[in-house]
Amino acid sequence: MDNKYNPFEDKTIHTTQSDNNTVDYSDRQGFNDVIKHYDAVNGFQNPKQLNQTPRSLRQIIRWSIIINVSIFFGFLI
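Heads up: the sequence shown runs through residues 0 to 76, numbered per numbering that gives the first Met the number 0.
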């Protein structure tokens, strides 16, 4: 009985699935005011990256991040 089924050697089980079916929600818009309000409350319309914020606020946000991280590491030391 050398031909026992081994699931670790079964090539049909261990196939890699592609992950190309992701949807970009950055341009999502609600079709009425209730959905727009719900999206705003839950953060769907908030900028997720620094380059999505207005150019005038980028330096302020960047420096506030640097200062906060420096204070955190200062407390750790």
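Where a beta carbon is used, it is the ideal one built from N, C-alpha and C, also for glycine.
- Taking the C-beta atoms as reference points, Ile60 is found nearer than 8 Å to Leu49.
- Judged by DSSP secondary structure, Ile65 falls within the alpha helix (DSSP H) whose first and last residues are 54-75.
- In the structure shown, the three-state DSSP call for Pro6 is helix.
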